[in-house]
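Colleague:
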Amino acid sequence: MLSHATRPGLRSAMRGLPRSFVEDCPSIAYRPAPSSVMSPHSSAASSISSASRINNLSGHLQFTSKMSSFQAPHATLLIPGPIEFDDEVLRSMSHYSQAHVAPAFVETFGETLSLLRQVVRSTDPNAQPYIINGSGTIGWDLVAANLVEAGEDALILTTGFFGDRFADCLTQYGAKVTKIAGEVGSVPSFDEIAKALSEKKYKIITATHVDTSTGVVFDLKTLVETVKKVSPETLVIADGVCSVAVEELAFDEWGLDGLVTAPQKAIGAPAGLSISFFSERAVKVAHSRKTPAASYFANMERWTPIMKNYEARKPSYFSTPGPQLVHALNTAFKQILARPIEERIQKHTQVSDKVKKAVTDMGLKIVASEPKNQSHAMTAIYLPDGIAATDLLPKLLAKGVIFAAGLHATIGAKYVRFGHMGVSAVNDERGDIDKALNALKASLEECGHKA
């Protein structure tokens, strides 16, 4: 249904869930959730209390791994990001301190920007990569502050929580936002998208490639084809935070204008950087605004010469980058590109198929019900009637596995999210996926479900 952007509150859907279950990085393994985050009337209070007590049983948790590692023993993190990190990436993170204009760091940063071009499959020298300090959310600010003037129209295609938040960001900067939302677990129809584009001139159209609240993947290639036919002047922007390095993606070939992402998901590096890539025409739009960009920091006019200089191996300064984060990202990119990226995508597809078959064989349903809409990075799984996330997650944790609770307002505590990307997916020797599936089956049985 076509409607003006609104984002329903999540409070009712998450009532009774501690913050540690609700966020993408559950903290239950490390500290009890404070009572203040629970509704005093929550019917799940007793199970939450039990979950908190698990923190005192660390000696009994199954923090074993099939591989030796310098990392401290810990439960396997299989949420939709952050993910488990490879040892070499973390070693890179411990690089000694460097000046951000030192020749050695300038070389590393410049190389990392060039590697980003390869990861998104672009050979266009006029397209521009950006790597700046901040979370992936900064990518939304770059789009909203630079590519849309206040009062201009933006069409947001949403398949869950993060599509709605992208709309919120654009609204904050003054864009006139219209949303087309798919039903939970599905995508908007391309007929409806084409109709909307034919009825109004939109400056940009955005889609979340993988929305981690639902595990839905969006067909970006068909989207670009649709936009080019109906409204070729509209910029096509993708949120690729959970898709880069796991889903099929071809920036130049498909004709994308913008891609925003972050390192802590399938790319496999620690959070703290905003990674984005824009076409030549998108950069020109940002540099030829009628009014100045409404952000000082997320300002492409300020950042473009900095990025160009670093890629040309010239020291430059607008805001101090994080050398250790850049070193870690550089290592992660080199690991991704060590073999043809098609092989990495195929491996993620195989692992995803394995997970989804196993989940289905346990008698569970997947939120993204149609295979064509199912992400290869993660699986959002409906729980059986009578079992809540607060029942299941502590049992998984006791077996050394961390899943994420649900994040979508409509289905709330009815589901959990299993991230299967990055090193956990591509390195079979770790045994992370089998460990998780075995833990899920056993935990469901402990909850009374015959898996």
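Counted from 1, the sequence shown has number 432 at position 432 by the UniProt record's numbering; the numbering is strictly sequential. Cβ atoms here follow ideal geometry from the backbone N, Cα and C, with glycine treated the same way.
#1: Where do the N-terminal and C-terminal ends of the beta strand (DSSP E) with A181 fall, by residue?
#2: Apart from the five residues on each side of it in sequence, which residues of its chain come closer than 8 Å, Cβ to Cβ, to G322?
#3: Quick check on G163: does DSSP put it in helix, strand or coil?
#4: Can you give the beta carbon distance from V359 to L383, rounded, assuming they're within the 8 Å contact cut?
#5: Cα-Cα, which of R121, P80, P82, F70 is closest to D252?
#6: In or out: R165 buried (at least 16 other Cβ within 10 Å) or exposed?
#7: Taking only the alpha-carbon atoms, compute the straight-line gap between D124 and L115 and give it to the nearest angstrom.
#8: Give the single residue among I205, P340, V216, C242 whose Cα lies nearest to the Cα of T226.
#9: What first and last residue would you give for the alpha helix (DSSP H) that runs through residue 516?
#10: Within its chain, find whatever has a CB closer than 6 Å to the CB of L396; leave out the 5 residues flanking it on each side and keep chain order.
#11: Tell me, to the nearest whole angstrom, how far the beta carbon of T291 is from that of E149; I am working on the premise that it is less than 8 Å.
#12: Can you list, in chain order, the stretches of the alpha helix (DSSP H) that have 4 or more residues and sit fully within the region 122-154?
#13: Find out if the Cβ-Cβ distance for the pair A294, E301 is shorter than 8 Å.
#14: Restricting to runs no shorter than 4 residues, where is the alpha helix (DSSP H) found entirely within the region 217-253?
#15: For D434, which three-state DSSP category applies?
#16: For a test of the three-state rule: what should DSSP assign to Q374, helix, strand or coil?
#17: Between F109 and E311, what straight-line distance do the alpha-carbon atoms span, to the nearest angstrom?
#18: Determine which residues share a DSSP beta bridge with S276 and list them.
Modeller: Reading off the structure:
#1: 176-181
#2: N133, G272, L273
#3: helix
#4: Going by Cβ atoms, the distance from V359 to L383 rounds to 11 Å, so no, they are not a contact pair.
#5: R121
#6: buried
#7: 13 Å
#8: I205
#9: The structure shown does not extend to residue 516, since the chain is modelled only from 1 through 451, so no value can be given for it.
#10: F403, A439, S443
#11: 6 Å
#12: 137-146
#13: no
#14: 220-230
#15: helix
#16: strand
#17: 7 Å
#18: Y130, V260
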